[in-house]
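Colleague: My structure is below; once you've seen it, I'll send some questions.
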Amino acid sequence: MIKKTFNYVNMLFAVSLSIFSLNIIASSLNPNKYFPLIFVCLGFSNTLLGINLLNNHKKILSFCSFILAAFMFITVGSKIIFS
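Per the working numbering, residue -15 is the first one in the sequence shown, and the count goes up by one each step.
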């Protein structure tokens, strides 16, 4: 049950992020304005992927996924703090 929920949430983030990114490219909006939202979605998706991998006993891959998610969240935090 929980694994299906993780998969649905990851699919939702992947589809919505793709549509949102294509919308930014197609329109004349400033992408720097939406940078934190995109990276938060990517970080949250990587966190869910890391939890899913940890539940499947793939510790090295889950650790790498958590490191990547932390990088995304730190990037967003530094963008918000320094802007």
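Just so you know, even glycine gets a beta-carbon here, dropped at the ideal spot from N, CA and C.
1. For the 8 Å Cβ check, are there 3 or more pairs between the stretch -13 to -6 and the stretch 25 to 34?
2. Would you kindly work out how many angstroms separate the C-alpha atoms of F68 and S11, rounded to a whole number?
3. How long is the line joining the alpha carbons of L26 and I58, rounded to whole angstroms?
4. Could you check the C-alpha separation between S4 and F(-10) for me, to the nearest Å?
5. Could you pull out every residue in the same chain whose Cβ sits closer than 7 Å to the Cβ of N81, ignoring the five residues on either side in sequence?
Modeller: Short version:
1. Look at the beta carbons and you see the stretch -13 to -6 touching the stretch 25 to 34: at least three pairs across the two are nearer than 8 Å.
2. Any question about residue 68 goes unanswered here, given that the chain covers just -15 to 67.
3. As a working note, residue 26 is residue 42 in the sequence shown. As a working note, residue 58 is residue 74 in the sequence shown. Each residue's Cα considered, the two are about 12 Å apart.
4. Translated into positions along the sequence shown, residue 4 becomes position 20. Translated into positions along the sequence shown, residue -10 becomes position 6. What sits at residue 4 in the sequence shown is Phe, not Ser. The alpha-carbon atoms of F4 and F(-10) are separated by roughly 21 Å.
5. Lying outside -15 to 67, the shown extent of the chain, residue 81 is not represented and no answer is given.
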